[in-house]
Structure formats: C-alpha cells, structure tokens
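Structure first, then comments.
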Amino acid sequence: MFYDLHYITIVFLIALGIYAVMFQHNLIKIAIGIDILESGANLLLIVLGYRNGGVAPIFTMAPQGKTMVLPTPQALTLTAIVIGLATTALMLSLIVMLYRHYGTLDTREIRRLKG
Amino acid sequence: MWTYITTGSGFWNPIWWLVSFIIVAVFVYNFFGKEVKAKYSPDKMKPFLSGWDEASKEAMQVKASNIYWGFTKAMSGYYRFLGVCHTGIINDYVVWFMAVMVLTFVAFIIA
Amino acid sequence: MSWTEHAPILIIAAPLLVSFAIPLLERIDYRVRNAAAVASLVFSIWMVLIVLHKIWVSGPVVYVFGAKSAFLPLPSGFKFPVRIMFEIDHMSAFMALSGSIAATVGVIYSWAFIREKEGGLGKYYSLFLLMSVGMLGMELTGDAFNFFVFLEIASIASFGLIAYRREDPASVEASFKYMIVSTIGAIFVLVAIGFLYGRYDALNMAYIAKHMKLGIVERVAFVLLVVSLAMKAGAVPMHMWVSDAYGRAPAAVTATLVSVSQASLYGLFRVMFSMFGVTMNNHFGGWMLIIFGLLSMFIGVTMAMVQKDIKRLMAYHAISQTGYMLLGVGVGLAVLDNPVALKSYGLAAMTGGIFHIMNHAMYKGLLFLTAGAIFYRLRTFNLNEMGGLARKMKYTTIYFIIGAAAIAGLPPFNGFASKLIIYESVYKFNPLLSVVAMVVSVLTLASFVKVFHSAFLGPEISKVKNVREVPRSMVIGMGVMAVICVLFGLFPGMVVKYLAGPAAASLVNHTAYISSVIGGGM
Amino acid sequence: MKPMSKIVRTVAASIGWFVFVFGIYVIVHGHLTPGGGFQGGAVMATGVALLIVAYGGWSAEKCVRKERLPVFESAGLLTFILLAFGGAFLGVTFFFNFLANKGGLFGDTLPVGINPGIFNSAGVIPLMNMGVGMEVLAGISLILFAMFYGTKKVREGTCLADNEKKEEDA
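Protein chains in written order, with this note's numbering: chain Y, 3 to 117; chain F, 413 to 523; chain R, 72 to 593; chain E, -18 to 151.
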C-alpha cells in the first residue's frame, strides 16, 4: 500500500515549491518555495537509489553477499545539496540587498525592469 | 575555396561581392558623385519654421523614443498585448515557464 | 604520455586553477591577477585548438577522469562507463572555441572597464573565470550529471556577476529574477537526469543514448530537459530574464553571458540529437524548435524596436538572434529521418544555424562591448541622453558599425553569410519561415539604425563635450571581436568547411557519438 | 545584533569547542565514515554561527580573523585542484588517485568486508577532504558575516529606497 508513498511525497513537494514560486508575492516565501523544490529533487534522487533491505554503502561495513543501497545517487544528492546551499545563501543575500534598495519584499513592487 | 560557400540552393562569395561593390562604387562616384554647387546664399538655405527661429542643434535632434513613432502607433494593439505579457513580476516569469512546459508535455503526448 | 594529451582537461583546469589562486595573486599586485586571468583563458583557447586538431585527425576525443588510462572509456570487464568523462566531438569543440574566445575578450575588456575603486575585483575575476569554466565544462562533458554541475557553476557565478554593481537596484533585481528562473530550470534538469538514471542506471550520455527506448518516463524527462534548457537559452516565451540580466550586467560580463546561454543551447541540441535522436518523434522536436525560433525572432525584434535603454535593446536582439539558430537547427531536426531532404537542405540549414552561433557570440559580444564603452564614458544607458558620439569615439563608432552591419546581415560581414545559408535552405523546407526570417532581419537593421542615429550621429550634445576614446584594453577587446567578424565574413567558406560543417555533421551522426564511448556502434 | 542572555552564552562557550572538534573529526574520517569535507566544514561553520548568535556579531568578529578567511578559502581550493593536477603531472590522468595502495602517506590497502577501517588509507581522498573542509569553513563563515552586516544595515534604517525618496523630495 505504501509502496509509492515516496513518489507521492516527491510530487507533493515539487508541486508545493512551484506553487509558492508561482503565486506567492513575498520574496522570502519564494526562497522557501525554491528550497522545498530542491528537497523534492533530492528526495527523488535518494529514492531512486534505494533497494529494499539494502545496507548503507560504506566500504568498511559491507557484509558479503547482501544488497547495498546505490551510492551514486547519494553522491549526486550531496552535490545537489551543496549547490542548493550556495544558491540559498546567494538568494537570501540578494533579498537583503533588494530590501535595502526597494524597502519592500513584495514582488509586485520590485519591477523596475519591465517592458 | 576559402570564401566560397554553398547555401543549399545557391552560393555566396564575399570576394566577388567586394570586387563588384568596389567597381560599382567607383562607377557611381565618377558619374554621379559630382558636387552640386549651391546656387543660393547660405542665408536662404535656413529652414523655415513658420517664422520661428531655429532652436539649438541639440534641441532639434530627434530623440530615440520618437524614432519609429509611426511604426509603434500603427502596431499599438500588438504592443499593448506585449506590454501585458512583460509585466516584470518574477511570479509571472515562472508562470510562463510552467505554462510552456505543460503545453509542450501535452503536445508531446498527443504527437 | 605527453602533456598535450591532457589538453581536454586543461581547457577547464587552467582557468579553474587561476580562479582559485586569484585571492592569493591579488595580494601581490592587481596586474599579476589580471594577467593571470587573461593568460589562463588564452591557454584555454590554445588547448581547444589542440583538441580540435586531434578531432580532425582521429575523430571524437574521450578523456576519462581518474582512470589509469584517459582514453579508455570502457576498460575490459566493464559493461558500462562508470567514470566521469569528457566527450568532445566537432560540435563541442566548436562551441568551446567560440566560448573561450568570448571569455578571453571579456577579461581583456574588464581590465579597464571595471575600475579599481569599484572594489571586489578579486571576486569579480574569480567569478568570471568560474563562469567561463562552467560554460566550457557544459560544452565538453559527456556525463549528464556533470552537465548539471557545470550548468549550476556557470549560473551561480553569473548571478554574482550580474549583481556586481550592487548599488544599482536594477542590477540586483535582474540578478534575483534570473536566479529564481534559472534555479527552477536547473532543478528540473536534475529531476530529468534523475529519471534517466532511474531508468538506465547510468549517467553517461552516450550510454543512455544507446539504450534509449521512448516510454512515458523518457517523455517526461525529455520535456523537462528541453523546456528548461530552452529557457536557459532564452527562447520566447521564457525570455523575460534575458532582457533583465543582459541589460544590467557589466558589459564585459554580458558579452560572455551570451556564450553561457549558448552553452545551454548546445545542451538542448545535444539532448535532442545525441541523446534522443531518431528514437523520439523528430518531427515534433524539430517543429518545437522551429516554433520557439519563430516566436523568439519576431517577438524579440519587435520588443527591441521600442526600447530606449541601449543594452536592453541589444538584449532583445540577442533573443531574436537565438531564434535564427533554433530555426536553422530545428529544420535539420525535422528532416532527420529523411536522408534525401537532410542531404539536400537539412544539413545546410543546420550548418547555417551552428555558424550563426559563433557569429552571434562575436558580433553580439562586440555590440555589448560598445554599449559598455558608451556607458564607461557617459554613465548612462538611456539613448535619449546620447548624441554625436562619433565625433569623440572613433574606434567605438567603427566597431559599432561593424557589429551592427553583422547583426543586420549586411554583406560582407559574418552575419550575412550565416543568415543567407539559413534563408536559402529553410526556403526549401517551408518558404514562409524564410520570409519571416528576412522580415526580422530588416527590422533588426531598422532598430540598429535607430541606435546609430541616436548615439553616434547628430549634433554634439553638451554631455558629450568632454568625452574621450575609451582606454586601450577596451579598444583591444572590441578590436579582437571586430576582426573576427570581418574575417568570418570574408572567409565563410573556411569556417563552414572546417568548423561549422563538421559540427553539424557530428550532431546528425548519432552513432559516432555513441560508439566513441561504448565502441562497436549500435 | 545584541548578545543573548548569559545562559545562552555560557552554553555556547562550552559547546562551541565540541562543535569544532566534531567538525574536524567528520573531515578527517571522511574516507571511512559518512561525512567528508563539506559536511565537516559545514559543522565547523555552525560553530561560527553559534558564536555570532550567542555573542552578537561584533564580539564574534573579534574572535575570528576575518581578513584571513579568503586566504583560507583559496588555500583549501588550491589544495584540492593541485592534488587533482597531481595525477596529470605524474603522467596518468586528472583526478587520478596517485597515493592509494602505494604504502606511505594514506597508502594502505583496505580489506574487503566488515572491519574497523584503516585511517591511513584511501590516497588523496582524505587530503582533498581537508582542502574542501577548509574551504567550506572559510566560505560559510564569510557568508555568515556578510549576512550579519546586511541585517545590521537594514536594521539601522539605511534603506536606500528611503534615501532616494528623500533626495527626490529635497
């Protein structure tokens, strides 16, 4: 019954993130939305590598003949998390600067560039 | 061979073009390029602006916003539509992106 | 093994090393820092040329990271490639050449353009080199996840660079908008790569391409990849970030940013031709590119007509020119399964589109640099406040004329050669498309006549009285691009024969791309 | 940013060192246990965050030599890339693990199967982890300080939009 639960969670997370970026007008909420979106993508990668009953892919803890969880998606997820950290830090810094320049966090007022 | 390209239904060679351009330019300059001497004194060449004096050269220059005024006016409906699309709000950028993605996906499933 | 055999990796490793060393080099002297940055990118160009020669001699080059042998993608006993590798065919090398030239010119131009008193120059050069590394890496890699990583490196570095003038609210705003859209696109790319990984248990693009069977998962991955990369390349209607980001970044950055977007365009073509190729519905893919191309061409140029900010106007033209590339290559893709049509006009259309990529990087870079030169002296982008600059800045004026003539497709400059190929080959596919392309070209000319008239002609306005020519490094930077524009215009046959033509052929040749990694063909 | 209450400061002072030590542990055992350069560096940077939050940014600034952080960052990254270059210099390939299974520095071979692990193994990977750890510590600390200065400017009311409005009014 719960076999597909993780995929449903992923879809939910990604949809939630996209909803926040599409319809929320607060910059901080947009940043949160993007972080949720990233979590969804990371969860997808982790889930793809999971094998039922597998052990953690550590070289010195590998018992002979048992299944291991795939290590590659975990490496990918780590990379994606690092990139996500950089993006989030930069995004929050830009929000601070935008607030200093415009005095607001509302996207509908931060539109000096249009047309 | 370095300059010659075929284009699917023709060819293009810039050196030939350059040579013919120079020939034509020399021809045109020799036959039509003679300076026409002014028959009138410079006083009479001044623009007539309903009796007003000409403003300074700087003020007389047509500004960039006014160039192609007619074009913009004729297509004002189209430009109003584009103005509605280019709101400059970040949420709308994402909405466009997602809309194109959904449309493409639907089209790809049908096709 | 001689060191030139490491040329594929040295293309990105040299700028990466200098980029990391810049905080230390900066403590010696600012000249050392700038010279190192320029030298590393010139070295990159040289390495690209070496690789290009190698590809000419012996086909696609593979470079495997961390293995015992760099040129053995599939050691005995391995069923699929496990290591990250670079896979460089003509198309990759072509893009890398164009990108590294643009980046080098950008750094040379920055020497004088970014004034010392603006501060943070060490970070500026580090990020600039990182952006170049990301762009080159995207173009060289043969690994899907590595592609994503380089995409993010290039993107994050460019966010920082766009917001470099952080006292200007619009710069920060442009950077933020680009960041939101780009990050979402990158996440979708990651999700698509995850889908493909879950399906084929591999990240190598050639391996995925070999085993590609079109199911529902692949369809989703295809749409995610293609739409995200088209957005990063700036196709209408996802182009809004282009005009913001190009319009507000420092000019030297913008000139390179054009090439960075083209790296995404390369990714789009790579996904469509090499990864999916004929297994997908190539009529659909081709027409999708053509529709993106038509929309980009027309909406881009009509939006440019009404702009009064010089860099924003040029940014809309960048969108419009991207349309030509999409159109040319899209026609090639639409007839991919029809050998007769492909031979008669499809390949020519693709050659034109790919030739246009390099031309665009050169003349659009040149135009952005001239806009930067005007900004350097006048401190404004507003065309209404300019006039009579031709009296004061003669080099800039000449370079602008060359760039404008090239982008408008006036003979004998490079833009004309590639546009002519596109018109004449696309005409055989569908005459209407060709007519639209020509109308757009006319509008482009009209729009640049407007810029030329407003900025360079006319009486000397009071603001321009004390303006001088820009410093030497900026003149040199613009000169390099102008010379390339003229040379490519005068010798298009050489470029088509040695660079663009083989690049188009290598895109079409789906099996060669696979067999250079997997071996033995399909 | 004001310093927090005495309780928080005392706890931060006693826990902070454990955070740093744990970060170093995660970095140097990156090749044997889950963890590595980024994770350990992030843990150590959490210590810096703890200092900023508990003692306020100005006191924390005095504890950390901020002008040396970029050098640290650069040195870490250079370690990483030079080790990667090492493989190419020795005539193999870029990123080749030229120290593994050779004896000497980090050169022991790990047996297959469940074992406690040998610290002196895995070649260049521990060295790269240390480089990355250094870089991440310096980088995240710099980010934290930059954000601290940003919040300070916002709170002091130096909102540029207001200034521009004032200039327009005047």
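We treat Cβ as the ideally placed atom computed from N, Cα and C, and that holds for glycine.
Check	Outcome
The ligand HEM heavy atom lying under 7 Å from the CB of ILE99 of chain R	This structure lacks the ligand HEM, and indeed carries no ligand of any kind.
Contacts that MET111 of chain E makes with chain Y (C-beta to C-beta distance below 9 Å)	Within 9 Å Cβ-Cβ: nothing; MET111 of chain E doesn't reach chain Y, min ~17 Å.
ASN455 of chain R to PHE519 of chain R span [Cα, whole Å]	15 Å
Contact between the stretch 192 to 200 of chain R and the stretch -1 to 7 of chain E (3+ Cβ pairs under 8 Å)	no
Cut-off 6 Å between Cβ atoms - residues of its own chain near LEU123 of chain R, not counting five sequence neighbours on either side	ALA164
Residue-chain proximity (GLY592 of chain R, chain Y), Cβ-Cβ < 8 Å	With a pLDDT of 37 at GLY592 of chain R, under the threshold of 50, the modelled position of that residue is not reliable, and the figure given next carries that caveat. Not one chain Y Cβ lies under 8 Å of GLY592 of chain R.
Supposed close pair LEU295 of chain R, ALA263 of chain R - CB separation, criterion 8 Å	4 Å
Closer than 8 Å to chain R by CB, LYS458 of chain F	no
Which of helix, strand or coil DSSP assigns to LEU533 of chain F	Chain F is shown only over 413 to 523; residue 533 of chain F falls outside these bounds and no answer can be derived.
Beta strand (DSSP E) segment containing VAL133 of chain R, residue limits	132 to 135
Sub-8 Å separation of MET457 of chain R and ILE445 of chain R beta-carbons	yes
Contact with chain Y by VAL506 of chain F, beta-carbon distance below 8 Å	yes
CB contact below 8 Å: LYS469 of chain F versus chain R	yes
Cβ neighbour criterion (16 or more within 10 Å) applied to VAL93 of chain E	exposed
For GLY256 of chain R and ILE513 of chain F, the rounded distance between their alpha carbons	It is Met, not Ile, that sits at residue 513 of chain F in the sequence shown. Between MET513 of chain F and GLY256 of chain R, the C-alpha separation is close to 11 Å.
Distance between beta carbons of LEU407 of chain R and GLY364 of chain R, contact taken as under 8 Å	The pair is not a contact, with the Cβ atoms about 16 Å apart (cut-off 8 Å).
Cβ of LEU430 of chain F within 8 Å of any chain R Cβ	yes
Bounding residues of the beta strand (DSSP E) (the contiguous stretch that carries PHE157 of chain R)	156 to 159
Integer Cβ distance of ALA323 of chain R from PHE184 of chain R, believed to fall under 8 Å	5 Å
Distance between beta carbons of ALA508 of chain R and MET37 of chain R, contact taken as under 8 Å	What is shown of chain R runs 72 to 593, which leaves residue 37 of chain R out entirely.
Local Cβ density within 10 Å of TRP508 of chain F, reported as buried at 16 or more and exposed below that	buried
Enclosing alpha helix (DSSP H) for MET93 of chain Y [first to last residue]	73 to 104
Assigned exposure category for GLY592 of chain R - 16 Cβ within 10 Å defines buried	For GLY592 of chain R, the predicted model reports a pLDDT of 37, less than 50, meaning its position is unreliable; a value from the coordinates is still stated below. Exposed.
Every unbroken alpha helix (DSSP H) within the stretch -4 to 78 of chain E, with a cutoff of 4 residues, ordered by chain	18 to 36, 38 to 44 and 50 to 70
7 Å Cβ cut-off: residues of chain E touching PHE61 of chain Y	LEU91
Inter-residue Cα distance where the pair is TYR101 of chain R and PRO502 of chain R	55 Å
Distance, MET433 of chain R Cα to GLU158 of chain R Cα	25 Å
Of the residues R:GLY193, R:ILE179 and R:PRO131, the one placed nearest ALA92 of chain R, counting alpha carbons only	R:GLY193
Cutoff 6 Å; reference LEU141 of chain E; Cβ partners in own chain excluding five residues on either side	The predicted model places LEU141 of chain E with a pLDDT of 49, which falls under 50 and marks its position as unreliable; any figure quoted below should be read in that light. None.
Positions along the stretch 217 to 231 of chain R whose CB lies within less than 9 Å of some CB in chain F	none
Near-chain Y residues of the stretch 491 to 503 of chain F (beta-carbon distance less than 9 Å), N- to C-terminal order	LEU494, GLY495, HIS498, THR499, GLY500, ILE501, ILE502 and ASN503
Validate contact between the stretch 264 to 273 of chain R and the stretch 224 to 237 of chain R using beta carbons, cut 8 Å, 3 pairs	no
Given 8 Å, three or more beta-carbon pairs between the stretch 354 to 361 of chain R and the stretch 378 to 388 of chain R	no
Own chain residues within Cβ distance below 6 Å of THR467 of chain R, not counting five before or after	THR441 and ALA444
Pairwise C-alpha distance: ALA77 of chain Y and LYS139 of chain R	22 Å
Residues of its chain near GLY338 of chain R, where Cβ-Cβ distance is below 7 Å and the 5 sequence neighbours each way are ignored	MET209, PHE218 and LEU300
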